[in-house]
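J.: Residue numbers (full-length UniProt numbering): 1 to 290.
#1: Between the segment 103–122 and the segment 46–57, do at least 3 Cβ pairs fall closer than 8 Å?
#2: Opposite residue 236 in the DSSP bridges: which residues?
#3: For residue 306, list the residues DSSP reports as bridge partners.
#4: Taking 8 Å as the cut-off, does the segment 176–184 touch the segment 197–209 (at least 3 CB pairs, one atom from each stretch)?
#5: For residue 247, which of helix, strand or coil comes out of DSSP?
#6: DSSP on residue 17, reduced to helix/strand/coil?
#7: With a threshold of 8 Å, are at least 3 pairs of Cβ atoms found where one atom belongs to the segment 212–219 and the other to the segment 182–197?
#8: Going along the chain, which residues of its own chain have a beta-carbon closer than 8 Å to the beta-carbon of residue 125, five neighbours each way excluded?
#9: For residue 201, collect the residues of the same chain with a Cβ closer than 8 Å to its Cβ; drop the 5 residues on either side in sequence, then sort them by chain order.
#10: Apply the 10 Å Cβ neighbour rule to residue 213 and answer buried if 16 or more other Cβ atoms are within range, or exposed otherwise.
#11: Buried or exposed, going by whether 16 or more other CB atoms sit within 10 Å of the CB of residue 122?
#12: If the criterion is Cβ atoms closer than 8 Å, does the pair residue 34 and residue 9 meet it?
#13: Is the segment 265–281 touching the segment 150–160 in the sense that three or more CB pairs, one from each, lie closer than 8 Å?
#14: Can you name, in chain order, every residue of its own chain whose Cβ lies under 8 Å from the Cβ of residue 54, other than the five neighbours on each side?
#15: How would you write the range of the alpha helix (DSSP H) that residue 176 sits in, first residue to last?
#16: Quick one: grab the DSSP three-state call for residue 254.
#17: From residue 107 to residue 58, what distance separates their C-alpha atoms?
#18: Can you tell me whether residue 160 is helix, strand or coil according to DSSP?
#19: Answer with buried or exposed for residue 254, where buried requires no fewer than 16 other C-beta atoms within 10 angstroms of its C-beta.
#20: List the whole-angstrom C-beta distance separating residue 165 from residue 261, where the pair is believed to meet the contact cut-off of C-beta under 8 Å.
#21: Does residue 2 pass the burial test, meaning 16 or more other C-beta atoms within 10 Å, or should it be called exposed?
#22: If you run the structure through DSSP and keep just helix, strand and coil, what is residue 49?
#23: Can you grab the Cα-Cα spacing for the pair residue 249 / residue 241, in whole Å?
#24: Looking at residue 79 and residue 329, is the spacing between their C-beta atoms short of 8 Å?
#25: CA-CA distance, residue 72 and residue 286?
#26: Can you tell me whether residue 113 is helix, strand or coil according to DSSP?
#27: Please classify residue 23: is it buried, with 16 or more other beta-carbons within 10 angstroms of its beta-carbon, or exposed?
#28: Assuming residue 27 is part of the alpha helix (DSSP H), what are its boundary residues?
#29: Would you identify the three-state DSSP class for residue 10, choosing helix, strand or coil?
#30: Where does residue 273 land, buried or exposed, given buried means 16+ other C-beta within 10 angstroms?
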């Protein structure tokens, strides 16, 4: 996947190209951002407004005047540029420096990062996309779940959540040659629920290519969408990542999973209830009453 953003530009190129179109106060904020990228990445709108000698409202207006939906999207673009141009150890050092050493500051930073990501996900997540994804999964003979890297945790979670809603699921955490074996039973009657963060590899390519070959519908949960991926899946569900990496990639992806599970239960409540009743009975047989 590309590490660039709007029009393929890096953050600083994107901002410089639009400086002349900004109002004076907005230009002041934009120049501050160019001169202090790390501070932008790790600060709130209020903090940035104070540092730039303006206000939080001006910071938000500047982000929108630059073509972003708001400050969170601007930060993600900046974060992509930062990631592309710096080594992992440098990024970690910057994050640790901004997190601070006190528990209260770390709580504030992580909670603020989480809230910002959830707000951005709510902005991006289209109800019609959720409904279409739920329909595809409900209609499938079997739902095959897979995730790249740490996102495999979310894929496994999805397999459990959807099974408890009455769907037949199969989680796969295989890669390489074993992934090829795992794909053999996939057919046009199945659906693939795949979790891919802001990167792609040969395993992802294999899954998408084979799903297309057999006619299986693909629902993609991702933090960064390329044109190539979008054209090869039926539904895309955004799970925005953290530009600061204060919170992990699974945060928003797991919530997308919860939304899917509840949507499915809402569409076919009898099916979900029957599955829940069966699970309760099986647990009772084991002496594990809830």
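Cβ coordinates follow ideal geometry from the N, Cα and C atoms, glycine included.
T.: Checking against the coordinates, here is how it stands:
#1: no
#2: Taking the first residue of the chain shown as 1, we reach residue 236 at position 236. Residue 236 is bridged by DSSP to 220.
#3: Because the chain in this structure spans residues 1 to 290, residue 306 falls outside the shown range and cannot be described.
#4: yes
#5: Translated into the one-based positions of the chain shown, residue 247 becomes position 247. Residue 247: coil per DSSP, three-state reduction.
#6: Locating residue 17 in the chain shown gives position 17, counting from the first residue. Coil, per DSSP.
#7: yes
#8: Reading the chain shown from its first residue, position 125 is the one you call residue 125. So the list reads 237, 238, 256, 259, once near-sequence residues are dropped.
#9: Working through the chain shown from its first residue, we reach residue 201 at position 201. Taken in chain order, the residues that qualify are 148.
#10: Stepping through the chain shown from its first residue, residue 213 is reached at position 213. Answer is exposed; the Cβ neighbour count stays below 16.
#11: Translated into the one-based positions of the chain shown, residue 122 becomes position 122. When all chains shown are included, residue 122 counts as exposed.
#12: Residue mapping note: residue 34 aligns to position 34 of the chain shown, counting from 1. Residue mapping note: residue 9 aligns to position 9 of the chain shown, counting from 1. Taking 8 Å as the Cβ cut-off, residue 34 and residue 9 do not qualify as a contacting pair.
#13: no
#14: Numbered from its first residue, the chain shown carries residue 54 at position 54. These residues qualify, in order along the chain: 25, 28, 29.
#15: Start at 1 with the first residue of the chain shown, and residue 176 comes out as number 176. From DSSP, the alpha helix (DSSP H) with residue 176 extends over 176–183.
#16: Working through the chain shown from its first residue, we reach residue 254 at position 254. Reduced to three states, the DSSP call for residue 254 is helix.
#17: Position 107 of the chain shown, counted from the first residue, corresponds to residue 107. Position 58 of the chain shown, counted from the first residue, corresponds to residue 58. Their backbone Cα atoms lie some 27 Å apart in a straight line.
#18: Start at 1 with the first residue of the chain shown, and residue 160 comes out as number 160. Helix, per DSSP.
#19: Taking the chain shown and counting its residues from 1, the one referred to as residue 254 is at position 254. It is buried - the Cβ of residue 254 has at least 16 other Cβ atoms within 10 Å.
#20: Counted from its first residue, the chain shown places residue 165 at position 165. Counted from its first residue, the chain shown places residue 261 at position 261. So it is a contact: roughly 6 Å between Cβ atoms.
#21: To locate residue 2, count along the chain shown from 1; it is residue 2. The predicted position of residue 2 is uncertain, since its pLDDT is 34 and thus under 50; a value taken from the coordinates is nonetheless stated next. Exposed, since its Cβ has fewer than 16 Cβ neighbours within 10 Å.
#22: Walking along the chain shown from the start, residue 49 turns up at place 49. Residue 49 falls in the helix class under three-state DSSP.
#23: Taking the first residue of the chain shown as 1, we reach residue 249 at position 249. Taking the first residue of the chain shown as 1, we reach residue 241 at position 241. Each residue's alpha carbon lies about 6 Å from the other.
#24: Since the first residue shown for the chain is 1 and the last is 290, residue 329 is missing from the structure and cannot be characterised.
#25: Against the chain shown, residue 72 aligns to sequence position 72. Against the chain shown, residue 286 aligns to sequence position 286. The straight-line gap separating the alpha-carbon atoms of residue 72 and residue 286 is approximately 48 Å.
#26: Position 113 of the chain shown holds residue 113. Here residue 113 sits in helix by DSSP.
#27: To locate residue 23, count along the chain shown from 1; it is residue 23. The C-beta of residue 23 has fewer than 16 other C-beta atoms within 10 Å across all chains shown, which makes the residue exposed.
#28: Here residue 27 corresponds to residue number 27 of the chain shown, with the count starting at 1. In the DSSP assignment, residue 27 falls within the alpha helix (DSSP H) that extends over 24–35.
#29: In the chain shown, counting from the first residue as 1, residue 10 sits at position 10. Residue 10: coil per DSSP, three-state reduction.
#30: Numbered from its first residue, the chain shown carries residue 273 at position 273. Under a 10 Å Cβ-count criterion, residue 273 is classified as exposed, with fewer than 16 other Cβ atoms of the shown protein chains found around its own Cβ.
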